[in-house]
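Report on the following structure.
Number of protein chains: 2
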Amino acid sequence: MSIAEVFHLPQGFKLKDSDANRKLIGAAAAGQPDAKAVDKLQTLRIGEKISDLQEIFVAAHAPKLLIILQGMDTSGKDGTVKAVFGQVNPLGARTVAFKAPSNAEKDHDYLWRVHQEVPAKGEMVIFNRSHYEEVLIARVHEWITAAECEQRYAHIRDFERMLSETGTIILKFFLHISKDEQKSRLQERLADPAKHWKFDPQDLAEREHWDAYQDAYERALKATDTPYAPWYVIPSDSKTQRNLVIASIVLERLESLQLSFPPGNPEFSKLKVE
Amino acid sequence: MSIAEVFHLPQGFKLKDSDANRKLIGAAAAGQPDAKAVDKLQTLRIGEKISDLQEIFVAAHAPKLLIILQGMDTSGKDGTVKAVFGQVNPLGARTVAFKAPSNAEKDHDYLWRVHQEVPAKGEMVIFNRSHYEEVLIARVHEWITAAECEQRYAHIRDFERMLSETGTIILKFFLHISKDEQKSRLQERLADPAKHWKFDPQDLAEREHWDAYQDAYERALKATDTPYAPWYVIPSDSKTQRNLVIASIVLERLESLQLSFPPGNPEFSKLKVE
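Chains A and B are the protein sequences, given in the same order.
The numbering of the first sequence is the UniProt record's numbering, which starts it at 1 and goes up by one.
The numbering of the second sequence is the UniProt record's numbering, which starts it at 1 and goes up by one.
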């Protein structure tokens, strides 16, 4: 069984039955005493391999890779970008953090700003939040009805299918944390003035909608898990496990592409630089 | 029967059975001796009404209007823009002429550059050529297979449905000219040095693919005519008839929206400017 299969959204998925603190791979799963250090080192090594493969992307001018990170506040989207993709050469790789839409963005359909940011050939793009907010926060706050939400699921499936059929590999990660874990992470941010920049009082207001968010996530994941754009549910109460799992799935997918540098030009070898 | 219904792509549409020189509305259809002058004046008047209604668009900040013009070389896309939309206030209206894609555009899916240009709320956008080139020239020159072309029809239907469901009114016009009419228009361009800037030797090469283009158009129109983004087949051998028909259909659609200026603010009436 591949690592992707282990974490792929299961049939009949129920978010409440999914343990956010599971340790299914690495030294942590094996119960090694020094598991944390071993798994961190392993993630670092995988990150290097991802970086090497991404260089081939750029050289081969193919394919397009889109990675989507979604999760509740404090679930570790920023941390994942740093730990898993921190070693990737920014040449040909970008992270896009979608904030609340601007007025110009609101005047267009909600996929407009997202489509502009999708990867080009040979590019790796990481979405920190994404068009999925339009079926999460938008639904939780009832800015849209259930019927409109269903319509959006269909738009999103269509959009991702088009991207896939035009050469984009799409991997979607739901960073799953427990309500208790969020509590302690928010408390930690409040306790440390150096972390206050990451805190928004709005986060506490959103936390009150915890159950509605869990429900919106469960529905959205089920409605938009497709063969061409699968969802992976990542147990994220442990940052170490989260990073190791995501890094492993990305590497597994990149290795499956069997990428190689474009063939050299024999004529070039004969050239002499004066 | 509305004018739109007269020109809407019929069931079992066959392009070769469609007379590009039909005169179905206006003084020309009635056989008036001064038909040309009368119909031109009528188009001008309709253009004024379109301009008035578009002002309400801007004021009301709704809806979004997308007009797509497609047709063979010399079919009169530029002329239509001038004759029908020439009086519209550029504030809130734009024409986008899609040329051969740039390298950056080719590195993305073919809807990427198109999506960027769709109308915002309260905006009227006219596409002079469009994403339809991706199932026309691309298919005629066999840059894509028949199966890929079918896939693109589906992408386009999905894309236009999403635009429609997020508030865009879409009207698509196929400017239908006969092969003889194209011959005389191309010859005319060659005879007049002042028109040489509009001539591209490539036009003659494309003309050799006339039958393949007719076939590609017929298939594309049939595959992408939908309730939310209908195709209108415009007899365009006569420029006067073409302009009158398109102007009439656009006006009819805008009038059906029953737009009105946003309500005034009674407080404003009491303000005194010193």
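Where is the CB? At the ideal position from N, CA and C, for every residue including glycine.
This structure is a prediction, so every number in the text was calculated from the model and none was measured.
Best match in the options for proximity to residue i [C-alpha to C-alpha]
i, options, result
"residue 166 of chain A", "B:159, B:169, B:168 and B:152", "B:152"
"residue 212 of chain B", "B:137, B:87, B:82 and B:112", "B:137"
"residue 262 of chain B", "B:104, B:53 and B:169", "B:53"
"residue 88 of chain B", "B:57, B:164, B:149 and B:133", "B:57"
"residue 121 of chain A", "A:179, A:168, A:84 and A:86", "A:168"
"residue 134 of chain B", "B:123, B:146 and B:245", "B:146"
"residue 119 of chain A", "A:94, A:255 and A:103", "A:94"
"residue 82 of chain B", "B:272, B:274, B:206 and B:247", "B:247"
"residue 115 of chain A", "A:102, A:100 and A:156", "A:156"
"residue 178 of chain A", "A:214, A:245, A:36 and A:143", "A:214"
"residue 97 of chain A", "A:17, A:14 and A:125", "A:125"
"residue 111 of chain B", "A:265, A:159, A:205 and A:31", "A:159"
"residue 219 of chain B", "B:132, B:181 and B:258", "B:132"
"residue 17 of chain A", "A:176, A:150 and A:107", "A:176"
"residue 15 of chain A", "A:210, A:31, A:123 and A:183", "A:210"
"residue 256 of chain B", "B:45, B:24 and B:63", "B:63"
"residue 99 of chain A", "A:84, A:130 and A:123", "A:130"
"residue 44 of chain A", "A:24, A:84 and A:67", "A:84"
"residue 207 of chain A", "A:192, A:183, A:197 and A:144", "A:183"
"residue 117 of chain B", "B:144, B:67, B:107 and B:103", "B:67"
Presumed contact (8 angstroms Cβ cut-off) between residue i and residue j, rounded CB distance
i, j, result
"residue 174 of chain B", "residue 26 of chain B", "Not really, about 19 angstroms apart at Cβ, beyond 8 angstroms."
"residue 128 of chain A", "residue 91 of chain A", "Not confirmed; about 20 angstroms, so no contact."
"residue 74 of chain B", "residue 185 of chain B", "4 angstroms"
"residue 12 of chain A", "residue 236 of chain A", "With a Cβ gap of about 22 angstroms, residue 12 of chain A and residue 236 of chain A do not count as contacting."
"residue 190 of chain B", "residue 50 of chain B", "Not really, about 34 angstroms apart at Cβ, beyond 8 angstroms."
"residue 86 of chain A", "residue 47 of chain A", "7 angstroms"
"residue 162 of chain A", "residue 109 of chain B", "6 angstroms"
"residue 42 of chain A", "residue 251 of chain A", "That belief does not hold up - the Cβ atoms of residue 42 of chain A and residue 251 of chain A are roughly 11 angstroms apart, past 8 angstroms."
"residue 228 of chain A", "residue 164 of chain A", "4 angstroms"
"residue 65 of chain A", "residue 225 of chain A", "Wrong, their Cβ atoms sit about 19 angstroms apart, outside the cutoff."
Contact set between residue i and chain B, taken where Cβ atoms lie within less than 8 angstroms
i, result
"residue 165 of chain A", "151 and 155"
9 angstroms Cβ cut-off: residues of chain A touching residue i
i, result
"residue 104 of chain B", "120"
Spatial neighbours of residue i in its chain, beta-carbon cut-off 8 angstroms, leaving aside the 5 residues before and after
i, result
"residue 249 of chain B", "3, 4, 7, 171, 173 and 232"
"residue 260 of chain A", "56 and 60"
"residue 195 of chain A", "188 and 189"
"residue 203 of chain B", "73, 74 and 186"
"residue 101 of chain B", "110 and 113"
Other residues of its chain near residue i: CB distance less than 6 angstroms, five sequence neighbours each side excluded
i, result
"residue 216 of chain A", "136, 139 and 140"
"residue 36 of chain A", "240"
"residue 315 of chain B", "This structure gives no information on residue 315 of chain B, because the portion of chain B shown stretches from 1 to 274."
"residue 275 of chain B", "With chain B covering only 1 through 274, there is no way to say anything about residue 275 of chain B."
"residue 28 of chain B", "35, 39 and 241"
"residue 105 of chain B", "113"
Cutoff 7 angstroms; reference residue i; Cβ partners in own chain excluding five residues on either side
i, result
"residue 223 of chain B", "153"
"residue 239 of chain B", "76 and 79"
"residue 19 of chain B", "235"
"residue 221 of chain B", "9, 13, 174 and 231"
"residue 181 of chain A", "20 and 237"
"residue 149 of chain B", "135 and 139"
"residue 142 of chain B", "none"
So if I threshold CB-CB distances at 8 angstroms, which residues from the stretch 142–161 of chain A count as touching chain B? So the list reads 151, 155, 158, 159 and 161, given in the order they occur along the chain.
Select from the stretch 106–126 of chain B all residues with a C-beta closer than 9 angstroms to any C-beta belonging to chain A, and list them in chain order. Among the residues of the stretch 106–126 of chain B, those with a Cβ less than 9 angstroms away from any Cβ of chain A are 106, 107, 108, 109, 110, 111, 112, 115, 116, 118, 119, 120, 121, 122 and 123, in the order of the chain.
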